[in-house]
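> Can you read through this structure? Questions will come right after.
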Amino acid sequence: MSNLPIKDPANTSGRQKELFDQINGALGVVPNMFKTIGNSPAALESMWASFGALGKGKLGAKLGEQIAVLIADINRCEYCLAAHTFLGQKAGLSAEQMTQAQAGLSVDKKTQAALDFAAKLVKDRAQVTKADVQKVRDAGFSDEEVAEILAHVALNIFTNYTNIAFDVPVDFPKIKLLEAA
Numbered sequence: 098m099s100n101l102p103i104k105d106p107a108n109t110s111g112r113q114k115e116l117f118d119q120i121n122g123a124l125g126v127v128p129n130m131f132k133t134i135g136n137s138p139a140a141l142e143s144m145w146a147s148f149g150a151l152g153k154g155k156l157g158a159k160l161g162e163q164i165a166v167l168i169a170d171i172n173r174c175e176y177c178l179a180a181h182t183f184l185g186q187k188a189g190l191s192a193e194q195m196t197q198a199q200a201g202l203s204v205d206k207k208t209q210a211a212l213d214f215a216a217k218l219v220k221d222r223a224q225v226t227k228a229d230v231q232k233v234r235d236a237g238f239s240d241e242e243v244a245e246i247l248a249h250v251a252l253n254i255f256t257n258y259t260n261i262a263f264d265v266p267v268d269f270p271k272i273k274l275l276e277a278a
C-alpha cells in the first residue's frame with residue numbers, strides 16, 4: 098500500500114485533471130507513479146514537464162531508457178526498473194540490451210560512455226571532474242548532450258525517490274533488481 102494516496106484521475110479537477118488527461122493521452126494509461134505524485138499538482142506538473150522536455154532532446158528514447166534502468170538499479174527502485182525496461186523495449190531495445198544497461202554495460206562505446214558518466218553522477222553525488230566530462234565528449238557527445246545526460250539522471254532520481262519513498266505499487270511487468278554490491 099502506498100504511503101500517499103493513489104489519486105483516481107476520474108475524481109480530480111482543474112490543473113490536476115488536465116495533467117492526468119495529458120498523461121493518459123500520451124501513455125494510454127495513468128501509471129501509479131503519476132497518480133501518487135499527483136497529490137500535488139505542482140509536483141505532477143514538474144515531473145510530467147521534465148519527461149516532455151527530455152523527450153524532445155538530442156539523446157533519444159533508447160539512450161534515455163538505458164540511463165533510466167541503470168539509475169533505477171543503482172537506487173534500488175523496482176518501479177522505475179520495471180517501467181523503463183518496458184518503455185525501452187517499446188522504443189526498440191532488446192531485453193538483453195535493457196539487462197546490460199541495468200548493469201551499466203553496452204556493446205556500443207558511445208552508449209557505454211554515457212552510462213559510465215550517469216553512474217558516476219549518482220554514485221559520486223555529482224562530484225565529477227573536467228576529465229569525467231571530457232571522456233563523454235571524447236565518446237562523441239556534444240555539450241548539449243552531456244547536459245541532457247545529467248538532466249536524465251536528475252529526473253530519474255526524482256522518479257526513483259517518489260516510488261521508493263511513497264512505496265508506489267508497481268503496475269508494469271516486474272524486473273528483478275541486480276544483486277546489491
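The working numbering puts the first residue of the sequence shown at 98, with every later residue one more than the last. Virtual Cβ for every residue (Gly too), placed ideally from N, Cα, C.
1. Straight-line CA distance for Gln224 to Ile168?
2. Note down the Cα distance separating Ile246 from Asp105, rounded to an integer number of angstroms.
3. Let's test the definition: count the other Cβ atoms within 10 Å of the Cβ of Glu241 and tell me whether it reaches 16, buried, or not, exposed.
4. Just checking: is the beta-carbon of Asp240 within a distance shorter than 8 Å of some beta-carbon in chain D?
5. Figure out for me which residue from Asp205, Asp235, Thr182 and Leu190 has the closest Cα to the Cα of Val267.
6. Comparing C-alpha positions only, which one of Ile171, Gln197, Thr133 and Ala123 sits nearest to Gly152?
7. What does a CB cutoff of less than 8 Å around Trp145 pick up in its chain, not counting 5 residues either side in sequence?
8. Jot down the residue ranges of each uninterrupted alpha helix (DSSP H) in the stretch 121-155, minimum 4 residues, whole runs only, in chain order.
So, from the data block:
1. Computed Cα separation, rounded: 16 Å.
2. The straight-line gap from Cα to Cα measures roughly 33 Å.
3. Exposed, because fewer than 16 other Cβ atoms sit within 10 Å of the Cβ of Glu241.
4. Of the chains in the structure shown, none is chain D; there is only one protein chain.
5. Of Asp205, Asp235, Thr182 and Leu190, the residue nearest in Cα terms is Thr182.
6. The candidate whose alpha carbon is nearest that of Gly152 is Ala123.
7. Only residues of its own chain outside the window of five on either side were considered, and among them Leu116, Gln119, Ile120 and Phe131 have a CB closer than 8 Å to the CB of Trp145, listed in chain order.
8. Entirely contained in the stretch 121-155, the alpha helix (DSSP H) runs reaching 4 residues are, in chain order, 129-134 and 138-152.
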